[in-house]
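The structure under discussion appears below in the form of structure tokens.
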Amino acid sequence: MRDLSERALDAASAAGASYADCRIINSTVQRLTVKNGVVASVEVFEDEGIGIRVIAGGAWGFAGVDDLSPASIEETARHAVSIAKASSRVNRIPVRLAPAPALVGEFRTPVVRDPFEVSLDDKVDLLMRTDEAMSHLAQIRVRECSLEFGREIKHFASSDGARLDQIIIESGGGLDATATSDDEVQTRSFPNSFGRHQVRAGWEAIEAFDLPGNAGRIAEEAVALLTAAECPAGTMTVILDATQAALQVHESCGHPTELDRVLGHEAAYAGTSFLTPDLLGTFRYGSEQVTMTADSTRAPGLGTFGWDDEGVAAQRSVLVDRGLFTGYLSSRETAEAIGQVSNGCMRADGWGRLPIIRMTNINLEPGTSSLEEMIATTDHGVYLETNRSWSIDDRRLNFQFGTQNGWEIVDGKRVRLVRNPIYSGQTPEFWGSCDAVAGPAEWQMFGVVNCGKGQPSQLMHVGHGAAPCRFRNVRVEPAR
Amino acid sequence: MSSGEALLELGDRALASLSHGEAEVIISETRSELTRFAGNEIHQSVAERFRHVRVRLIDAGRTGVGEVRGHDDHAITLAFAAAEDSRRVTAESEVSPLPRPTPGDGDTPVAFAEATADATPQSRAELVSIVTDEAAAHRVNAYGALSTTTTTTAVVTSAGLRRSATATQASLVSVARGDDGGGYASRHSADIDALDVPALAAEVVDTCERNQGATAIGPGDYEVILSPYAVTDLLEHLSWGGFSALAVQEHRSFMRFGEKLMSDMITIRDDARTPEIFPFPFDDEGVSTRPVTLIDRGVCAAVVYDTPTALHDEVASTGHSLPQPNTWGPLPRHVAMDAGETPWRDMAGSVSRGLYITRFWYVRDVHPLRTVITGMTREGTFLIENGSITRPVKDLRFTQSIVEALASVVQVSRERRLELGEGESGVLSPWLHIGRFSFTS
Chain A
6 MRDLSERALD
16 AASAAGASYA
26 DCRIINSTVQ
36 RLTVKNGVVA
46 SVEVFEDEGI
56 GIRVIAGGAW
66 GFAGVDDLSP
76 ASIEETARHA
86 VSIAKASSRV
96 NRIPVRLAPA
106 PALVGEFRTP
116 VVRDPFEVSL
126 DDKVDLLMRT
136 DEAMSHLAQI
146 RVRECSLEFG
156 REIKHFASSD
166 GARLDQIIIE
176 SGGGLDATAT
186 SDDEVQTRSF
196 PNSFGRHQVR
206 AGWEAIEAFD
216 LPGNAGRIAE
226 EAVALLTAAE
236 CPAGTMTVIL
246 DATQAALQVH
256 ESCGHPTELD
266 RVLGHEAAYA
276 GTSFLTPDLL
286 GTFRYGSEQV
296 TMTADSTRAP
306 GLGTFGWDDE
316 GVAAQRSVLV
326 DRGLFTGYLS
336 SRETAEAIGQ
346 VSNGCMRADG
356 WGRLPIIRMT
366 NINLEPGTSS
376 LEEMIATTDH
386 GVYLETNRSW
396 SIDDRRLNFQ
406 FGTQNGWEIV
416 DGKRVRLVRN
426 PIYSGQTPEF
436 WGSCDAVAGP
446 AEWQMFGVVN
456 CGKGQPSQLM
466 HVGHGAAPCR
476 FRNVRVEPAR
Chain B
15 MSSGEALLEL
25 GDRALASLSH
35 GEAEVIISET
45 RSELTRFAGN
55 EIHQSVAERF
65 RHVRVRLIDA
75 GRTGVGEVRG
85 HDDHAITLAF
95 AAAEDSRRVT
105 AESEVSPLPR
115 PTPGDGDTPV
125 AFAEATADAT
135 PQSRAELVSI
145 VTDEAAAHRV
155 NAYGALSTTT
165 TTTAVVTSAG
175 LRRSATATQA
185 SLVSVARGDD
195 GGGYASRHSA
205 DIDALDVPAL
215 AAEVVDTCER
225 NQGATAIGPG
235 DYEVILSPYA
245 VTDLLEHLSW
255 GGFSALAVQE
265 HRSFMRFGEK
275 LMSDMITIRD
285 DARTPEIFPF
295 PFDDEGVSTR
305 PVTLIDRGVC
315 AAVVYDTPTA
325 LHDEVASTGH
335 SLPQPNTWGP
345 LPRHVAMDAG
355 ETPWRDMAGS
365 VSRGLYITRF
375 WYVRDVHPLR
385 TVITGMTREG
395 TFLIENGSIT
405 RPVKDLRFTQ
415 SIVEALASVV
425 QVSRERRLEL
435 GEGESGVLSP
445 WLHIGRFSFT
455 S
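Protein sequence lines correspond, in order, to chains A and B. Per the working numbering, the first sequence starts with residue 6, numbered consecutively. Per the working numbering, the second sequence starts with residue 15, numbered consecutively.
What follows is the structure, given as structure tokens:
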């Protein structure tokens with residue numbers, strides 16, 4: 006790979022680039038799905054290519070290609086430079102980058118057992134056992150479970166002298182049970198919704214999920230939802246399980262702290278942010294219970310790596326400190342715009358896409374409470390589990406989430422299962438009403454595998470550590 | 015880029031090595047370039063070129079799939095090996111057979127324009143500058159992206175099916191922002207020369223200028239006029255959740271065949287021959303895509319099929335398959351709502367108090383069976399009073415059943431406009447005047 010990257014950098018420089026970097030990536034994804042007792046698909050994806058990013062004439066250019074022949078790489082480097090020069094004719098303000106050391110090193114995701122060394126037969130067997138455990142209830146019309154494994158071998162080189170090699174391993178899996186009646190459809194998922202829970206770890210993570218051991222319970226919960234009462238409506242206390250708390254963090258803290266959004270780079274698509282630079286260090290984002298961090302060093306999150314895609318080292322930074330807004334997710338270019346240095350959040354969806362600011366592991370740090378204590382000290386409210394729908398405005402203020410199920414709480418006890426719950430609010434008011442976060446024992450790292458951003462669209466895998474947490478005076482209602 | 019015939023020959027050579035069972039080879043080559051702008055400057059401009067090979071092997075009741083993105087012939091060997099590894103471990107089950115060629119295959123036109131295939135970073139930058147110059151002249155900032163894509167796709171199977179097509183797409187989307195509000199506009203075509211960029215620039219700046227200093231109004235039920243940008247979201251969500259045969263078979267669809275659930279002004283079709291919606295002749299199984307009337311004057315009429323769902327219902331595939339095998343089912347990708355008779359500029363005339371909605375944002379299913387969705391308005395929400403658009407209002411969240419909204423349609427415009435949905439399929443939509451639409455915050 007090193008020979009190829011040197012060739013790319015040399016060709017870019019010869020064509021007139023003042024700066025260049027490149028990523029050569031070889032990736033493998035293995036995906037298995039069992040649906041209604043049948044192996045619906047076993048798929049293997051292989052991908053290899055190079056992405057070359059340059060500055061020429063003060064503007065960015067980027068080109069990627071899957072042909073790694075020397076001639077193709079040199080042509081692609083020259084094309085990236087020609088793209089930059091075309092942009093420079095329109096632009097008035099040259100690109101400036103915050104300083105960053107040129108690093109050399111290697112990183113590999115720590116795994117106990119490489120998932121690619123586990124046989125496909127063993128993986129299919131686990132899924133078939135999971136499916137069988139969901140198959141005993143007539144109302145379950147669709148049973149689906151899946152496993153997914155990824156391996157990315159990445160080499161980064163820059164004209165500044167950085168030379169970085171990484172091997173990233175991911176393991177994921179999950180199940181969905183869908184129950185139907187004449188007038189209702191209800192789905193329950195485990196360990197998380199949208200197909201799977203995924204982490205940067207090995208086969209040991211899949212064993213820890215225990216899909217077969219949880220499948221029967223999840224199927225029973227889906228059936229129970231068919232006849233459950235509709236969620237009560239009103240302003241009440243809401244307790245989120247850790248999976249839903251993770252998505253709430255993703256949408257209402259992760260995205261609005263992306264500095265490219267703040268600076269308008271995403272205004273035409275993903276949107277902007279209410280967390281403008283004048284608020285940094287002074288704005289009360291949430292209550293004293295709320296501390297949020299960006300931490301790409303924390304295994305096994307999907308945002309854990311050695312260096313980001315412009316060669317900045319993995320690190321931990323505080324976004325919200327006991328309720329106070331204190332930091333952004335940044336790149337070298339955007340950090341320079343506000344007089345800072347990058348905190349290492351540039352990531353690309355493969356070799357063919359330009360790195361942009363993405364979440365790493367955006368975590369709600371653990372508190373001192375517990376789910377049991379939160380329920381016991383709630384007079385009236387709902388405990389909400391597992392996301393079903395999510396929507397938030399383009400500045401990340403006005404949100405509405407739905408969950409797969411809820412439990413009505415009366416006088417400190419769960420009294421009944423309720424279906425179709427949705428809750429809504431405004432981001433600062435909502436986090437400002439947080440009065441309890443569970444402690445480290447209930448804190449867990451979850452992943453979002455479908456985070457979309459950028460033009461052309463890029464999907465990113467990002468991590469979120471979270472624990473159950475409680476909010477007061479939240480608007481709750483059933484989906485009608 | 016390779017021609018369709020070259021990719022077919024590549025597929026033929028790959029199939030020649032097949033020693034047992036059946037196989038399907040899908041090969042596509044894509045060249046995609048995009049110029050992105052923010053604050054009246056080009057801040058990202060990118061290019062990507064790749065070949066994608068997908069092999070499906072079927073033998074002894076077992077199916078395996080291998081996919082490789084890579085440019086040399088070794089990619090096909092890798093894909094075959096991966097597919098065989100996959101096939102070996104799958105349990106024996108009822109296998110959906112490979113479709114056979116049918117008479118008339120190849121008659122559908124393909125969306126292709128040389129100008130799009132030949133677009134350069136310089137030509138895209140020049141078009142972008144039309145938008146940024148217009149914005150700068152009005153002291154607002156333009157943001158957006160201009161993309162050009164050329165894709166050649168070939169499907170070759172051991173059942174004798176050979177299909178190929180080369181298609182192009184050019185898309186320009188833009189947001190303009192002033193000190194206190196923004197506007198939105200988009201144009202899409204197979205032919206970059208057919209994009210009316212000055213019209214887009216005028217529209218996005220005009221909406222932006224009219225949408226400054228919005229004031230809040232309370233939530234509640236409003237009469238609304240939805241622009242085609244917003245109607246596209248409604249149709250896309252109906253397509254995902256309702257117009258699929260698999261959704262019907264799994265009791266997840268709102269469709270109740272023969273029942274009138276919407277206004278008789280509503281007819282929704284999927285027709286891959288429609289000139290405006292990037293015509294394309296076949297689906298991911300190589301089956302010719304047939305036109306399907308999904309909603310006929312308000313009545314639930316039909317859904318789309320792929321081979322597995324067609325076998326289940328003992329009908330023919332309508333040619334709406336995604337790559338097989340899959341658990342998502344078929345999908346309509348050329349959806350259009352029939353035009354009505356009212357000029358869109360006259361629609362507000364009959365509204366005493368209501369809202370004009372330019373576009374929606376972050377639309378998500380809340381209850382798919384009831385077609386309840388939620389989302390926000392964005393970049394152009396205006397109050398209508400006594401038949402005229404009077405002033406901008408702050409964005410609102412809606413939570414609304416699509417079917418119920420389409421049951422209360424009052425007028426359908428005679429003009430339609432193409433917009434890309436979140437799934438990036440083209441949807442051809444009119445303006446709709448809807449009697450009641452629920453805003454929740």
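Glycine included, C-beta positions come from ideal geometry on N, C-alpha and C.
Between residue i and the ligand SAM, is there a pair consisting of the residue's CB and a ligand heavy atom that are separated by less than 6 angstroms?
i: residue 454(B); result: Annotation note on the ligand SAM: not contained in the displayed structure, which lists no ligands.
Measuring alpha carbon to alpha carbon, tell me which residue in the options is nearest residue i.
i: residue 236(B); options: 371(B), 122(B), 172(B), 91(B); result: 371(B)
i: residue 326(A); options: 296(A), 483(A), 320(A), 307(A); result: 296(A)
i: residue 217(A); options: 396(A), 477(A), 139(A); result: 139(A)
i: residue 319(A); options: 141(A), 108(A), 43(A); result: 108(A)
i: residue 274(B); options: 418(B), 190(B), 216(B); result: 418(B)
i: residue 65(A); options: 82(A), 333(A), 51(A); result: 82(A)
i: residue 101(A); options: 47(A), 262(A), 359(A), 345(A); result: 345(A)
i: residue 444(B); options: 433(B), 427(B), 22(B); result: 427(B)
i: residue 48(A); options: 369(B), 44(B), 77(B), 54(B); result: 77(B)
i: residue 151(B); options: 223(B), 126(B), 164(B), 134(B); result: 223(B)
i: residue 62(A); options: 149(A), 93(A), 357(A); result: 93(A)
i: residue 362(A); options: 132(A), 407(A), 268(A), 186(A); result: 268(A)
i: residue 486(A); options: 422(B), 61(B), 411(B); result: The displayed coordinates of chain A run from 6 to 485. Any statement about residue 486(A) would go beyond what the structure contains.
Residues in the same chain with beta-carbon distance under 6 angstroms from residue i, minus the five sequence neighbours each way, listed in chain order, please.
i: residue 287(B); result: 122, 293
i: residue 500(A); result: A question about residue 500(A) goes unanswered here, because the residues of chain A that appear run from 6 up to 485.
i: residue 138(B); result: 49, 160
i: residue 256(B); result: 267, 268, 269
i: residue 177(B); result: 169, 296, 300
i: residue 158(A); result: 31, 172
i: residue 438(A); result: 476, 477, 478
Check whether the Cβ atoms of residue i and residue j lie closer than 7 angstroms to each other.
i: residue 301(B); j: residue 343(B); result: no
i: residue 229(A); j: residue 422(A); result: yes
i: residue 294(A); j: residue 372(A); result: yes
i: residue 95(A); j: residue 282(B); result: no
i: residue 85(A); j: residue 57(A); result: yes
i: residue 263(B); j: residue 202(B); result: no
i: residue 328(A); j: residue 292(A); result: yes
i: residue 441(B); j: residue 433(B); result: yes
i: residue 41(B); j: residue 29(B); result: no
i: residue 80(B); j: residue 97(B); result: yes
i: residue 250(B); j: residue 435(B); result: yes
Return the chain-ordered list of same chain residues with a C-beta closer than 7 angstroms to the C-beta of residue i, the five sequence neighbours on each side being excluded.
i: residue 399(A); result: 276, 277
i: residue 136(A); result: 39, 42, 148, 150
i: residue 347(A); result: 103, 105, 317, 335, 336, 337, 340
i: residue 330(B); result: 324
Is residue i close to chain C, meaning its C-beta is less than 7 angstroms from at least one C-beta of that chain?
i: residue 259(B); result: In summary, chain C is missing from the structure at hand, where the protein chains are A and B.
Q) What are the uninterrupted segments assigned as beta strand (DSSP E) that are 3 or more residues long and contained completely in the segment 158–206 of chain A, given in chain order? A) Runs of the beta strand (DSSP E) inside the segment 158–206 of chain A: 168–185, 190–195, 202–204.
Q) Hey, which unbroken runs of the alpha helix (DSSP H) at 4 residues or more fall wholly within the segment 115–166 of chain B? A) Complete alpha helix (DSSP H) runs here, min 4: 128–131, 135–151.
Q: Output the residue ranges of the beta strand (DSSP E) runs that lie fully inside the segment 16–72 of chain B and measure 3 residues or longer, sorted by chain position.
A: 36–52, all fully within the segment 16–72 of chain B.
Q: Compile a chain-ordered list of the residues in the segment 85–105 of chain B whose CB is closer than 7 angstroms to at least one CB of chain A.
A: Going along the segment 85–105 of chain B in chain order, one finds 85, 92, 96, 99, 100, 103, 104, 105 with a Cβ nearer than 7 angstroms to chain A.
Q | Interface residues of the segment 40–72 of chain A facing chain B [CB-CB below 7 angstroms] | A | Within the segment 40–72 of chain A, the qualifying residues are 40, 43, 44, 45, 46, 47, 48, 49, 50, 51, 52, 53, 54, 64, 65, 66, 67, 68, 69, 70, 71, 72.
Q) Which whole runs of the alpha helix (DSSP H) in the segment 229–282 of chain B are 4 residues long or more, in chain order? A) Contiguous alpha helix (DSSP H) elements confined to the segment 229–282 of chain B occur at 242–255, 259–263, taking only those with 4 or more residues.
Q) What residues in the segment 368–382 of chain B have a beta carbon less than 8 angstroms from any beta carbon of chain A? A) Listed in sequence order: 375, 376, 377, 378, 379, 380, 381, 382.
**Q.** Inside the segment 287–347 of chain B only - alpha helix (DSSP H) runs reaching at least 4 residues
**A.** Whole alpha helix (DSSP H) segments, 4+ residues: 321–327.
**Q.** alpha helix (DSSP H) segments (min. 4 residues) lying fully within the segment 244–290 of chain A
**A.** Runs of the alpha helix (DSSP H) inside the segment 244–290 of chain A: 247–254, 264–267.
Q: Check each residue of the segment 161–181 of chain A: if its Cβ is closer than 9 angstroms to any Cβ of chain B, include it; give the result in chain order.
A: So the list is empty, because no residue satisfies the distance condition.
Q.
Counting only Cβ-Cβ distances shorter than 7 angstroms, please list the residues of the segment 395–407 of chain A near chain B, keeping chain order.
A. Answer in chain order: 395, 396, 397, 398, 399, 403, 405, 407.
Q: Please name the residues in the segment 257–271 of chain A whose beta-carbon is closer than 7 angstroms to at least one beta-carbon of chain B, in chain order.
A: In summary, the residues of the segment 257–271 of chain A whose CB is separated from some CB of chain B by less than 7 angstroms are 269, 270, in the order they occur in the chain.
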